[in-house]
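Colleague: Going from the sequence shown to this note's numbering is simple: count from 1 and add 242.
Idealized CB from N, CA, C, for every residue including glycine.
Before I ask anything, here is the structure I am working with.
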Amino acid sequence: MMLPKPRNINVDRYVGGLSKYQKIGNSIKLSANESALGPSPKAIKAFERDKNKILSYPESDSNSLRDAIAKKFNIKSNRIICGTGSDQIFDLVCKSFLQKGDEVVVTEFGFIMHKIYASIHGAKVLIAKEKQYKASITEILKKITYKTKIVFIANPNNPTGTYLSKNEMLTLRKKLRSNILLVVDDAYFEFMNRSDFKSGLDLFKNKPNVLITRTFSKIYGLAGLRLGWGYSSKKIIDSMYRIKPPFNVNRAALAAGIEAIKDNKWTRKAIKHNTVWAKKMFFILKKNNIKTNKPTANFFLMNFSKTKINSNQVFKKLANKGLILRKMLQYKIPNSLRFTIGNKKANEHFIKSIENILE
């Protein structure tokens, strides 16, 4: 009997960080770069308030949230598109721009969903080598051909924690052909506190050939509601709206997102918590001969080439102590784990545990 045959899509499925390990209960999940403090209390109240309205469809185009975003960042609401996480923005831009035979350039250890969405929509994905786990403009430009449609760059990058400076980003955009779309993933920009860094939105909000994406999953603590947005020229945003599903962002996410982005006090508290603990964690990791990136986001990529046990052994020992980290197998980064900065209790537990197993 002949059965319906799906299209053969040659792409690896995304593998998320574990939430539990074997049968160990009450584990602390430090594998997904989720918020250490959780959502703003005002966002939680908004979520609770709207739970009795779920019989009605939400706004089809997220107008209220777009207005709140535009006000906060002094940008134009008609050039904003909201989606179910940044993922949907990546999906929509690839769907809008790519067809079979087109090429997309991503960096060697860049966020893997960039590669996955480009592949799903029929593009050939070219990998630009990195230097010491940092994106290289020279290597990116080597991969550009007449078929190149999109270049993806996450800045700072997940999972490596490295970043391109303001001048490097401006140079990249300048050296790319004007008809190549540069997509800048700003997911972790709020955590950056370096004089040579500027967010994609700050650098390129007036550039008609750049799409900037942002998420509510990290600093705003709304990962479970799946909410993100993109900003570009009206022409590009309009092209994405034509293929966007109606009512794509649910009512609860819209309500919580509006309050989260308005609560500057809570955002500052979350940033301060991360800044304080990032400094402490960096010191602890270096003290224990764990190679890592300097603090740039709410996570560290840890390499165990100089420790007496390898990353697999560290993962299992920490997991047995109730701490779940992220393996780097899908990224093909050897002997490494990624650790998310958690709340005070989680961080103290991690410090005590990592020092105990490496002593």
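(1) Which partner residues of Met-544 appear in the DSSP bridge assignment?
(2) Determine the DSSP secondary structure at Val-393, reduced to helix, strand or coil.
(3) Using only alpha-carbon positions, find the residue among Thr-404, Lys-391, Glu-432, Tyr-405 that is nearest to Val-425.
(4) Which residue spans inside the stretch 450-531 form an unbroken beta strand (DSSP E) run of at least 3?
(5) Under three-state DSSP, which class holds Thr-413?
(6) Just to confirm, are Tyr-557 and Asn-577 a CB contact at a threshold of 8 Å?
(7) Does Val-367 come out as helix, strand or coil in the three-state DSSP assignment?
(8) Going by beta carbon distance, what residues of the same chain come within less than 8 Å of Ala-312, once the five residues before and after it are set aside?
(9) Run through DSSP, which three-state label would Lys-287 get?
(10) Which of helix, strand or coil does DSSP assign to Glu-345?
(11) DSSP state of Glu-350, grouped into three classes?
(12) I'd like the list of long-range same chain contacts for Asp-212, defined as Cβ closer than 7 Å, with 5 residues on each side in sequence excluded.
(13) By how many angstroms is the C-alpha of Gln-341 removed from the C-alpha of Ala-588?
(14) Please say whether Gly-564 and Asn-275 have beta carbons closer to each other than 8 Å?
(15) Are three or more beta carbon pairs between the stretch 295-312 and the stretch 482-491 nearer than 8 Å?
(16) For Gly-325, write down the residues that DSSP places opposite it in a beta bridge.
(17) Looking at C-beta atoms only, is the number of pairs between the stretch 425-435 and the stretch 383-401 that lie closer than 8 Å three or more?
(18) Keeping to the same chain, check which residues put their C-beta closer than 7 Å to that of Leu-527; ignore five residues upstream and five downstream.
(19) By alpha-carbon positions, which one of Ile-485, Leu-496, Asn-531 ends up nearest to Phe-339?
(20) What do you get for Phe-353, buried or exposed, if any count of 16 or more other CB atoms within 10 angstroms of its CB means buried?
(21) Please state whether DSSP places Leu-279 in a helix, a strand or coil.
(22) In the DSSP assignment, find the alpha helix (DSSP H) that holds Leu-600 and state where it starts and stops.
(23) Any heavy atom of the ligand SAM closer than 7 Å to the beta-carbon of Lys-371?
(24) First and last residue of the beta strand (DSSP E) that includes Asp-427?
(25) Taking the alpha helix (DSSP H) that Leu-383 falls in, what are its first and last residues?
(26) From the DSSP output, which residues share a beta bridge with Leu-565?
(27) In three-state terms, what does DSSP make of Glu-301?
(28) Look up Lys-440 in the DSSP assignment and say whether it is helix, strand or coil.
(29) State buried or exposed for Asn-552, treating a residue as buried only when at least 16 other CB atoms are found within 10 Å of its CB.
(30) Who are the near neighbours of Arg-308 in its chain, counting only those whose CB is closer than 7 Å to its CB and skipping five residues on each side?
(31) By Cβ distance, which residues of its chain are closer than 7 Å to Ser-481, with the 5 residues on each side in sequence left out?
(32) Determine the burial state of Tyr-462: buried for a count of at least 16 other Cβ atoms within 10 Å of its Cβ, exposed for fewer.
(33) Just how far apart, CA to CA, sit Arg-291 and Glu-501?
(34) Any contact of the stretch 439-451 with the stretch 468-481, i.e. 3+ C-beta pairs under 8 Å?
(35) How is Lys-550 classed by DSSP in three states: helix, strand or coil?
(36) Run through DSSP, which three-state label would Lys-373 get?
Modeller: Taking the structure as given:
(1) DSSP, once it has assigned bridges, lists Thr-534, Leu-579 as partnering Met-544.
(2) When DSSP states are grouped into helix, strand and coil, Val-393 belongs to the strand group.
(3) Considering only alpha carbons, the answer is Lys-391.
(4) Entirely contained in the stretch 450-531, the beta strand (DSSP E) runs reaching 3 residues are, in chain order, 452-457, 470-473.
(5) Looking at Thr-413 - three-state DSSP - the assignment turns out to be helix.
(6) The amino acid at residue 557 is misidentified as Tyr; the sequence shows Phe. Contact flag unset, no.
(7) Judged by DSSP in its simplified three-state form, Val-367 adopts strand.
(8) Cβ neighbours of Ala-312 beyond the five flanking positions: Lys-318, Ser-319, Ile-322.
(9) Helix, per DSSP.
(10) Per DSSP, reduced to three states, the secondary structure at Glu-345 is strand.
(11) Shown here, Glu-350 sits in coil according to DSSP, grouped into three states, outside any helix or strand.
(12) Here the chain covers residues 243 to 601 and nothing more, so residue 212 does not appear.
(13) Here the alpha carbon of Ala-588 sits roughly 45 Å from the alpha carbon of Gln-341.
(14) No, the Cβ-Cβ distance between Asn-275 and Gly-564 is not below 8 Å.
(15) The answer is yes - the stretch 482-491 touches the stretch 295-312, with three or more Cβ pairs under 8 Å.
(16) DSSP, once it has assigned bridges, lists Gly-470 as partnering Gly-325.
(17) With the cut-off at 8 Å, the stretch 425-435 and the stretch 383-401 touch.
(18) Beyond the five residues adjoining it in sequence on each side, Leu-527 comes within less than 7 Å, by CB distance, of Thr-534, Phe-542, Met-544 in the same chain, given in chain order.
(19) Ranking Ile-485, Leu-496, Asn-531 by Cα distance to Phe-339 puts Ile-485 first.
(20) Buried, because 16 or more other Cβ atoms sit within 10 Å of the Cβ of Phe-353.
(21) If DSSP states are grouped into helix, strand and coil, Leu-279 belongs with coil.
(22) Element bounds for Leu-600: 586-600.
(23) The ligand SAM is not part of this structure, which contains no ligands at all.
(24) Per DSSP, Asp-427 belongs to the beta strand (DSSP E) from 423-427.
(25) Where Leu-383 is concerned, the enclosing alpha helix (DSSP H) stretches over 379-384.
(26) DSSP lists Ile-270 as partners of Leu-565.
(27) It is coil, neither helix nor strand.
(28) The answer is coil: DSSP assigns Lys-440 none of H, G, I, E or B.
(29) With fewer than 16 other Cβ atoms within 10 Å, it is exposed.
(30) Answer for Arg-308: Ser-319, Ile-322, Cys-324, listed in chain order.
(31) If we look at Ser-481 and ignore the five residues flanking it on each side, its Cβ neighbours are Ser-338.
(32) Tyr-462 comes out buried.
(33) Looking at the backbone, the Cα of Arg-291 and that of Glu-501 are separated by about 12 Å.
(34) Under the Cβ criterion (8 Å, minimum of three pairs), the stretch 439-451 counts as touching the stretch 468-481.
(35) In the three-state scheme derived from DSSP, where H, G and I count as helix and E and B as strand, Lys-550 is classed as coil.
(36) The answer is strand: DSSP assigns Lys-373 an E or B state.
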